[in-house]
Amino acid sequence: MAWQKTIRRAVSVQGVGIHGGEQVALQLRPAPPGTGVIFVRTDLGISIPARAENARDLAYATTLRLRGAEARTVEHLMAALAGTGVTNLFVDLSAAEVPILDGSSLPFVELLRRAGVVDQRASLPELQVRRVLRVGDRERWIELRPASELRVDYRVSYSSPAVGRQRFVGAITPQRFASAIAPARTFGFPEEVPALRRRGLGLGGSLENCVVVDGERILSGELRFRDEFVRHKVLDLIGDLALLEYPVRAEVVAHRAGHALHVAAINDLLTSPEAWELVEPDRLAPFTVRPYELEAAVSAG
Ligand SMILES: [Zn+2]
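Here you go:
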C-alpha cells in the first residue's frame, strides 16, 4: 500500500537563487492529506500549487506562476520530494526563487531526512500511462510508454567534449534516486553566460552551485559521477514529472530534451484522458502491454 506522505516538523534553509541572484529563505512545513505541494510566497501572501497548469518560462528552469506571483527554479526541490515520496507540503519562500544550494537535489533530500518523512493515513493513487505519447521533433523529443513502474531512458548530446554523448537507463526507485540521481548537479557553459545575463538569468550562478564546462575542461572541480550531466537531466525530468501530482507508471524515453519538452509531454498527457488513468494502490497489479498494442499506438501517434 502506498501512502501519502508529509514531514514530521518544519525545517528551513537559506541560499541564493541561481537565476535571480536574490537571497531567499525557504521553509518546509507539514501539510494534511490531499494538500499536494503548495509554494507560499510569504512576502506576497500568495499560494501557488505545484501543478503542471501553473508551469511557465521553461527555457532554463521550471517556474510556477499564479496571480502574478512566481516560484522560480522549483525542479530540484520537486525532484527531492518525488524521490522521497513526499506528497503533501507547504513550501514557504521569502522571495521569488528556490535557493540553488549546491546545484543538486541532495541538500533537499538531507533537509527532508532531518524533518522526518512520515506516512499519512490516506492512500496514494498512481498515474498509469495507457498508451504511447510523443512530443518534440526529430532532434529533441520525449516519448511516454506504458510500464509497471517509472523507468527512464535519457540521452543527451553536447558539442563540448567534456560532456559529449551520455545515456542513463533504469528504473527510478527511492534508493536509486537518493544514491544515483539526487547528487547530480546542474551544469552550464561559459559561452551561454552573456545570453543568460541579457535575459536576467544566471545572476546567482557560481562554481559552487553549478558544474561549469569549458570545452574539454571542468572548471568547478571533480565531477560526482562521470556521467553527472545526463543524471542531472534525469533529476530535472523527475522534478517536472512531480507536477503531475501522482507517481507515474511509465517508461519515459527522452532525447536531448529539457524543461519545455518535459512539461509539453505532461500537458499532452493531461489533455489526452484516454492515455492514462489513476489507479488506487489496492488495484495496482503488474501491468503488461502486448506488443501489438504498442505497435498500434506508435503508428497511430
Ligand atoms: Zn536542473
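Counting from 1, position 251 in the sequence shown corresponds to residue 251 in our numbering; the numbering is continuous, with no gaps. Backbone N, C-alpha and C fix where the C-beta goes; we use that ideal spot for every residue, glycine too.
Margin query: Helix, strand or coil for Ile18? Go by DSSP, reduced to three states.
Written below: coil
Item checked: Integer-rounded CB distance, given that Asp240 should sit under 8 Å from His259 -> 6 Å
Next item on the list: Determine the DSSP secondary structure at Arg302, reduced to helix, strand or coil.
Entry: What the structure shows of the chain is the stretch from 1 to 301, and residue 302 is not part of that stretch, so it cannot be assessed.
Notebook entry, point to check: Per DSSP, Glu53 is paired with what?
Noted result: The partner list for Glu53 (beta bridge, DSSP) is empty, contrary to what the question assumes.
Notebook entry, point to check: Count the other CB atoms within 10 Å of the CB of Ala95; is the residue buried (16 or more) or exposed (fewer)?
Noted result: buried
Notebook entry, point to check: What is the rounded straight-line gap between the Cα of Glu97 and the Cα of Ser12?
Noted result: Answer to the nearest angstrom: the Cα atoms are 14 Å apart.
Checklist line | Distance between Ile48 and Pro286 (C-alpha atoms, nearest Å) | finding: Because the pLDDT at Pro286 is just 44, under 50, the model does not fix this residue reliably, and the value given afterwards should be weighed accordingly. If I take the Cα positions, the gap works out to 35 Å.
Checklist line | Among Ser272, Val24 and Glu53, the one whose alpha carbon lies nearest that of Asp43 | finding: If we check each option's Cα against that of Asp43, Val24 comes out closest.
Next item on the list: Give me whichever residues DSSP pairs with Leu93 in a beta bridge.
Entry: Leu26 and Arg41
Note to self: Does the beta-carbon of Asp227, which I'm using as the reference point, lie nearer than 7 Å to any heavy atom of ligand 1?
What the structure shows: no
Check: If you draw a straight line from the C-alpha of Thr63 to the C-alpha of Pro281, how long is it?
Finding: 31 Å
Notebook entry, point to check: In chain order, which continuous runs of the beta strand (DSSP E) of length 3 or greater are located wholly inside the region 214-272?
Noted result: 248-255
Note to self: Is Thr186 close to ligand 2? I mean its beta-carbon at under 7 Å from any heavy atom of the ligand.
What the structure shows: This structure lacks ligand 2; its bound ligands are ligand 1.
Note to self: So, under 8 Å CB-CB, Ala52 and Asn267 are touching, yes? Tell me the CB distance rounded to an integer number of Å.
What the structure shows: 6 Å
Next item on the list: To the nearest angstrom, report how far apart Gly301 and His262 are at their CA atoms.
Entry: Reliability fails at Gly301, whose pLDDT of 33 lies under 50, so the model's placement of it is uncertain and the value that follows must be treated cautiously. For Gly301 and His262, the distance between alpha carbons rounds to 18 Å.
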